[in-house]
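Report on one structure; see the data block that follows.
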Amino acid sequence: MTSLSNSLSAGAEPQPTTLAVGGEVSDFFALLKPRVMVLVIFTALVGMVVSNVHIQPVVGTISLLMIAVGAGASGCLNMWWDADIDAVMTRTAKRPIPDGRIQPGEALAFGIVLSVGSVLVLGLASNWLAAGLLAFTIVFYAVFYSMWLKRATPQNIVIGGAAGALPPIIGQAVVTGSVGIESIVLFLIIFIWTPPHFWALALIKSGEYAKAGIPMMPNVAGPQSTRRQIIYYSLVLFPIGLAPVFLGFGGLLYGLTALLGGLGMLAFSVHVFRNREGEAERKAALGMFGFSILYLFLLFSALLAEHSLGLFRSVIA
Amino acid sequence: MTGLRPRPLTPEEAQRRRKRSLAIAAVLFTLVAIFYVLTIAKLGPQVLNRAL
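In order, the protein sequence lines correspond to chains B and V. For what it's worth, my numbering labels the leading residue of the first sequence as 58, then goes sequentially. For what it's worth, my numbering labels the leading residue of the second sequence as 4, then goes sequentially.
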């Protein structure tokens, strides 16, 4: 806009304008947080397969695609709103908006168009319950979490984690037209998993969050309290992770994975609690962060394998 | 505003704009394909069962 103003004040001689041409296609793709989209597709797919209801493959694929686009759109709106704090943190400073590759207005328009489009197409492809849930997820993440919770309370990612936990519920709504106990349990697993996962990262990035003025748990309650809470959440996660076995939709493979994975989460959380200084603290927190991703991936992979590859062996009578 | 004329794009900017235009075309084509395939899928096999 500066060059445009200069042109306007330059007098009678017509001056060339230098309005931004815009970013690369890859910059727009980066706005959608592709890695989060992959996780959303994966968890929504598991929400579909645990329902054990046949769905027309084309309808299922298009629905999954729309859930992913909706999640990407909410990520885009999040980046538009958070551009000021992204610019302050080294982890996010190279994102397209703070780096100047995409104008904020472009990102906002992109996010809104994709949000509305994904909800409408999902509604037409599957049903309006699923579309309504997707719309709720987008609004919850982009408005409730990004615009309010994130900068207001250290419970930001606890409550905001609900947005990331909703895809299995949307997946089940796509195939059944309703919400059942299976997807609610999957929602709870991701919901309880989110705080220990993010707080492990926040422990080693607390300086960055402080610089950006984000009230993450280690900055507000202190690292020691955060480490304690990571253990509490890992303790709660253990039985919830095993719940699918007792509810009959998780078999032997899933049960063993949840058992060993839950013990692993507990072991890593205790490791984080014990290592509080220097490089040992950093390694423990990074270990917890990495293992938590593996834990969730293995849990959902086990369910996917049991329900789509015929590996289900019930462990309850 | 009458005194304004667009600055010629550099080759790099023109290439970026071209890639974006192609991406938008691809997205629009995909959207058309989605609606077409979805319509056929929802109609099901009965779509072929019609009086000739």
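Just so it is clear, CB atoms sit at the ideal spot from N, CA and C, and this is done for glycine as well.
Round the Cβ separation of A220 (chain B) and F197 (chain B) to the nearest angstrom and send it over; I've been treating them as touching at under 8 Å. Reading the first sequence from its first residue, position 163 is the one you call residue 220 (chain B). Reading the first sequence from its first residue, position 140 is the one you call residue 197 (chain B). With a Cβ gap of about 5 Å, A220 (chain B) and F197 (chain B) count as contacting.
Would you report the Cα separation of E16 (chain V) and R23 (chain V), rounded to the nearest angstrom? Start at 1 with the first residue of the second sequence, and residue 16 (chain V) comes out as number 13. Start at 1 with the first residue of the second sequence, and residue 23 (chain V) comes out as number 20. Roughly 11 Å between the two C-alpha positions.
Less than 8 Å between the beta carbons of F85 (chain B) and I159 (chain B), yes or no? Within the first sequence, residue 85 (chain B) is the residue found at index 28, counting from 1. Within the first sequence, residue 159 (chain B) is the residue found at index 102, counting from 1. Yes, these two residues count as a Cβ contact at 8 Å.
When burial is assigned at 16 or more other CB atoms within 10 Å of the CB, is R284 (chain B) buried or exposed? Taking the first residue of the first sequence as 1, we reach residue 284 (chain B) at position 227. R284 (chain B) is buried by the Cβ-count criterion.
Counting contacts by CB-CB distance shorter than 8 Å, is V40 (chain V) in contact with chain B? Reading the second sequence from its first residue, position 37 is the one you call residue 40 (chain V). For V40 (chain V), the answer is yes, since a Cβ of chain B falls inside 8 Å of its Cβ.
State yes or no: is the beta carbon of A28 (chain V) nearer than 8 Å to at least one beta carbon in chain B? Here residue 28 (chain V) refers to the residue found at position 25 of the second sequence. Not an interface residue.
If you check the beta carbons only, do G228 (chain B) and A130 (chain B) fall under 8 Å apart? Translated into positions along the first sequence, residue 228 (chain B) becomes position 171. Translated into positions along the first sequence, residue 130 (chain B) becomes position 73. Taking 8 Å as the Cβ cut-off, G228 (chain B) and A130 (chain B) do not qualify as a contacting pair.
Boundaries (first-last residue) of the alpha helix (DSSP H) holding E334 (chain B): By 1-based counting over the first sequence, the position of residue 334 (chain B) is 277. Premise fails: E334 (chain B) is in no alpha helix (DSSP H) and is neither H nor E.
Boundaries of the alpha helix (DSSP H) in which D143 (chain B) is found, first to last residue: Within the first sequence, the letter at position 86 stands for residue 143 (chain B). Looking at the DSSP string, the run of the alpha helix (DSSP H) that includes D143 (chain B) is A140 to V145.
Span separating the alpha-carbon of L31 (chain V) from that of G80 (chain B): Translated into positions along the second sequence, residue 31 (chain V) becomes position 28. Translated into positions along the first sequence, residue 80 (chain B) becomes position 23. Each residue's Cα considered, the two are about 19 Å apart.
Starting from the beta carbon of Q160 (chain B), find every residue of chain V whose beta carbon is closer than 8 Å, and list them in chain order. Looking up residue 160 (chain B) in the first sequence gives position 103. Those within 8 Å of Q160 (chain B) in chain V number zero; the least Cβ separation is about 13 Å.
Limits of the unbroken alpha helix (DSSP H) element including N213 (chain B): In the first sequence, residue 213 (chain B) corresponds to position 156, counting from 1. Segment N213 to A222, the alpha helix (DSSP H) holding N213 (chain B).
Report the three-state DSSP secondary structure of R148 (chain B) (helix, strand or coil). In the first sequence, residue 148 (chain B) corresponds to position 91, counting from 1. Three-state DSSP puts R148 (chain B) in coil, outside helix and strand.
Reducing DSSP to helix, strand and coil, say where F385 (chain B) ends up. It is not possible to answer for residue 385 (chain B), since the shown part of chain B is limited to 58 through 374.
Rounding to the nearest angstrom, what Cα-Cα distance links L323 (chain B) and I288 (chain B) in this structure? Within the first sequence, the letter at position 266 stands for residue 323 (chain B). Within the first sequence, the letter at position 231 stands for residue 288 (chain B). Taking the straight line from one Cα to the other gives about 7 Å.
If the criterion is Cβ atoms closer than 8 Å, does the pair A315 (chain B) and L299 (chain B) meet it? Here residue 315 (chain B) is taken as the residue at index 258 of the first sequence, counted from 1. Here residue 299 (chain B) is taken as the residue at index 242 of the first sequence, counted from 1. It is a contact, given that the beta carbons lie within the stated cut-off.
Taking Cβ to Cβ, would you say F354 (chain B) is nearer than 8 Å to A257 (chain B)? By one-based count along the first sequence, residue 354 (chain B) stands at place 297. By one-based count along the first sequence, residue 257 (chain B) stands at place 200. No; because the gap between Cβ atoms is not below 8 Å, this pair is not in contact.
For the candidate residues B:L368, B:L134 and B:E363, whose alpha-carbon lies nearest to that of P153 (chain B)? In the first sequence, counting from the first residue as 1, residue 153 (chain B) sits at position 96. For the residues B:L368, B:L134 and B:E363, the minimum Cα distance to P153 (chain B) belongs to B:L134.
According to DSSP, is S62 (chain B) part of a helix, a strand, or is it coil? Sequence index remark: in the first sequence, residue 62 (chain B) carries index 5 (1-based). Below a pLDDT of 50, predicted positions are generally treated as unreliable, and S62 (chain B), at 40, falls in that range; the measurement from the model is reported next regardless. If DSSP states are grouped into helix, strand and coil, S62 (chain B) belongs with the helices.
Can you list, in chain order, the residues of its chain whose CB lies under 8 Å from that of P161 (chain B), leaving out five sequence neighbours each side? Your numbering for residue 161 (chain B) matches position 104 in the first sequence. Excluding sequence neighbours, P161 (chain B) sits near W137, A140 and I154.
Distance, Cα to Cα, A278 (chain B) vs A359 (chain B)? Position 221 of the first sequence, counting from 1, holds the residue named residue 278 (chain B). Position 302 of the first sequence, counting from 1, holds the residue named residue 359 (chain B). Computed Cα separation, rounded: 36 Å.
Quick check: what's the CA-CA separation for V40 (chain V) versus Q113 (chain B)? Along the second sequence, one-based indexing puts residue 40 (chain V) at 37. Along the first sequence, one-based indexing puts residue 113 (chain B) at 56. Going from the Cα of V40 (chain V) to the Cα of Q113 (chain B) covers about 12 Å.
Step through the CB atoms of chain V and report whether any lies within less than 8 Å of the CB of E163 (chain B). Here the question's residue 163 (chain B) lines up with position 106 in the first sequence. Output row for E163 (chain B): interface = no.
Contacts that I169 (chain B) makes with chain V (C-beta to C-beta distance below 9 Å): Against the first sequence, residue 169 (chain B) aligns to sequence position 112. Neighbours of I169 (chain B) on chain V: none; closest Cβ ~15 Å, over 9 Å.
What is the C-beta distance between V302 (chain B) and G318 (chain B), in whole angstroms, given that I count them as a contact (C-beta under 8 Å)? Here residue 302 (chain B) corresponds to residue number 245 of the first sequence, with the count starting at 1. Here residue 318 (chain B) corresponds to residue number 261 of the first sequence, with the count starting at 1. Not quite, the Cβ-Cβ distance comes to about 13 Å (not below 8 Å), so this is no contact.
Under the three-state DSSP convention, the category A278 (chain B) falls into: Numbered from 1 along the first sequence, position 221 holds the residue referred to as residue 278 (chain B). Coil at A278 (chain B), not helix or strand.
Going by beta carbon distance, what residues of the same chain come within less than 8 Å of I241 (chain B), once the five residues before and after it are set aside? By one-based count along the first sequence, residue 241 (chain B) stands at place 184. For I241 (chain B), where only same-chain residues beyond five positions count, the Cβ hits under 8 Å are I226.
Q49 (chain V) versus A341 (chain B): straight-line alpha-carbon distance, rounded: Taking the first residue of the second sequence as 1, we reach residue 49 (chain V) at position 46. Taking the first residue of the first sequence as 1, we reach residue 341 (chain B) at position 284. Computed Cα separation, rounded: 60 Å.
Within 8 Å, strictly: CB atoms of I373 (chain B) and P224 (chain B): Position 316 of the first sequence, counted from the start, is the residue given in the question as residue 373 (chain B). Position 167 of the first sequence, counted from the start, is the residue given in the question as residue 224 (chain B). No; because the gap between Cβ atoms is not below 8 Å, this pair is not in contact.
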